[in-house]
Ligand code: L34
């Protein structure tokens, strides 16, 4: 039976560390939080991030914009926040409404305030092993592996999903931690043959029930990054939790797994940004 990785408890520890370091700074770090439109899931995540800020002694500056906000208005807000010395980090919650170009917004955020680590400069720095920031979700997964002493060096790691915000950077961080990484996606034939070899299996696809017990190696660590809403309205990940739990050595629940860690790592990035800005 797998050990359940407690993302909520670990996130609380990480945030306590951030809070105590924030207490040593000459001024509180500041996070600008941009939320465009009224996607209910995004609203929940953003509220969570603002609550985390309060918990860590970080100021948050909310910017709620209507769904039909013109692109130039959003870009102008970002430029203004780039110049605002009280703002150490700028978070523009994704996804954006379809008429807005997320890449353009990300490009406009000054790299030293890019606490999501989405800007191409920071992605590049990370990819050559000289990170300024680490992307929050993959960094949260790495923190879980470290805390639970799940070794990565020399291990077979399989990542499902190749998104820019999770799959690709996850594969990169596992590679840097000396794992042997296979990145699978919708065009991967016979994915099961690959996942069955995985010591560490990370799923970030967004399809409930994708990862079945048959796909998991006995004793594997199974990390579920997905956030789906099941037909019953309940949150679930990609992993068939009940079936996989007996077979795995470690498993993350949804909710209470990777999600809270994503938010905790954002707090770490804010601390880093504030220090760089001389706080
Ligand atoms: N810019 N956009 C930007 N940065 C990010 O880092 C994100 N992400 C993803 C979506 N868009 C983003 C998040 O914040 C996903 N994500 C995220 C963050 C937190 C949680 C889930 C996704 C989270 O707190 N999950 C809780 C349950 C929340 C609920 O009840 O709905 C959990 O326990 O998993």
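Numbering (my numbering), first residue to last: 986 to 1264. Just so you know, even glycine gets a beta-carbon here, dropped at the ideal spot from N, CA and C.
query: Per DSSP, what kind of secondary structure is residue 1102 in: helix, strand or coil?; result: coil
query: What I want to know is whether the C-beta of residue 1101 ends up closer than 7 Å to one or more non-hydrogen atoms of the ligand L34.; result: yes
query: Compute the Euclidean distance between the alpha carbons of residue 1187 and residue 1145, then round it to the nearest angstrom.; result: 6 Å
query: Determine contact between the stretch 990-999 and the stretch 1120-1133, defined as no fewer than three beta-carbon pairs at a distance below 8 Å.; result: yes
query: Rounded to a whole number of angstroms, what is the C-alpha to C-alpha distance between residue 991 and residue 1092?; result: 35 Å
query: Using the DSSP secondary-structure output, state which residues sit across from residue 1143 in a beta bridge.; result: 1167, 1186
query: From residue 1063 to residue 1056, what distance separates their C-alpha atoms?; result: 11 Å
query: Identify which residue in 1262, 1251, 1259 has its Cα closest to the Cα of residue 1036.; result: 1251
query: Could you tell me if the beta carbon of residue 1029 falls within a distance shorter than 7 Å of some heavy atom in the ligand L34?; result: yes
query: Check this for me: beta carbons of residue 1050 and residue 1060, under 8 Å apart or not?; result: no
query: In the structure shown, what three-state DSSP assignment does residue 1047 receive?; result: strand
query: Could you check if residue 1025 is buried or exposed, using at least 16 other CB atoms within 10 Å of its CB as the buried criterion?; result: exposed
query: In three-state DSSP terms, what is residue 1019?; result: strand
query: Assign residue 1213 to one of three DSSP states: helix, strand, or coil.; result: strand
query: To which residues of the same chain is residue 1229 closer than 7 Å at the C-beta, ignoring the five residues directly before and after it?; result: 1196, 1198, 1201, 1207, 1236
query: Tell me whether residue 1009 is buried or exposed, calling it buried when 16 or more other Cβ atoms sit within 10 Å of its Cβ.; result: exposed
query: Have a look at residue 1192 and residue 1116 and give me their C-alpha separation to the nearest angstrom.; result: 31 Å
query: Flag residue 1212 as yes when its Cβ comes closer than 7 Å to any non-hydrogen atom of the ligand L34, and as no otherwise.; result: yes
query: Give me, in chain order, the residues of the same chain whose beta-carbon lies closer than 7 Å to that of residue 1181; leave out the 5 immediate sequence neighbours on both sides.; result: 1200, 1202
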